[in-house]
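Asker: Residue numbers (our numbering): 156 to 361.
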């Protein structure tokens, strides 16, 4: 991950869609703007704010193979076009209850109460945080198991997806994020084109 975030560089967001409990579902309403020279030299990277950035090489490979479910939007630098693209999924999949999320394997807290603490004569305030949203938007602070998704027609017809439920917390510039999934065709493209920056985990379809 890298910084600064799009928010720090002038990207606009609609906060009226945000869940008042967990902070999920903020809507981006302008092209992602980033600072030149900060993007890692890989074919995919992510800002600490959750913006997924891909290279022109990745974008060309997707178009050549006509993969479905992938949304690519041009990214701007402060002084103009960047040559990079923001990656998003047009399809969402539902996580099943077999997907385990929590603070760690021994802590499945639904949130943190926050409070004020004195550290070296300084008072530090921690805001209340919600990890598991009662409205179902977030399922926990961290993903602890392999993800399980509920089978649907869209899984057979597309190559890239985002989970409907999110993982993480609203904390400063951090926001809850979806889990991303891909088809075997997507993975084959990455391996055959020797695209860098990708990590894989097994996902289960129920």
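C-beta atoms are modelled at their ideal positions from N, C-alpha and C, and glycine is treated no differently.
From 202, 224, 188, 242, pick the residue whose C-alpha is nearest to that of residue 213; which is it?
Answerer: It is 242.
Asker: Round the Cβ separation of residue 187 and residue 230 to the nearest angstrom and send it over; I've been treating them as touching at under 8 Å.
Answerer: Right, their Cβ atoms sit about 5 Å apart.
Asker: Please list, in chain order, all residues of the same chain as residue 300 whose beta carbon is under 7 Å from its beta carbon, the five residues on each side excluded.
Answerer: Excluding positions up to five away in sequence, the list reads 254, 255.
Asker: Does DSSP classify residue 321 as helix, strand or coil?
Answerer: The answer is strand: DSSP assigns residue 321 an E or B state.
Asker: Using the Cα positions of residue 341 and residue 309, report the straight-line distance between them to the nearest angstrom.
Answerer: Computed Cα separation, rounded: 15 Å.
Asker: How should residue 435 be labelled, buried or exposed, when 16 other C-beta atoms within 10 angstroms of its C-beta is the threshold for buried?
Answerer: Shown here, the chain extends from 156 to 361; a query on residue 435 therefore has no answer.
Asker: Is it right to say residue 219 is buried, meaning 16 or more other beta carbons lie within 10 angstroms of its own, or is it exposed?
Answerer: Burial call: exposed.
Asker: I think residue 192 touches residue 330, with their Cβ atoms under 8 Å apart; what is that distance to the nearest whole Å?
Answerer: Rounded, the Cβ-Cβ distance is 24 Å, inconsistent with contact.
Asker: Touching or not, the segment 354 to 361 and the segment 287 to 305, by the rule of three or more beta carbon pairs under 8 Å?
Answerer: Output reads yes: the segment 287 to 305 touches the segment 354 to 361.
Asker: Specify the secondary structure class of residue 297 as computed by DSSP and reduced to three states.
Answerer: Residue state, collapsed to three classes: strand.
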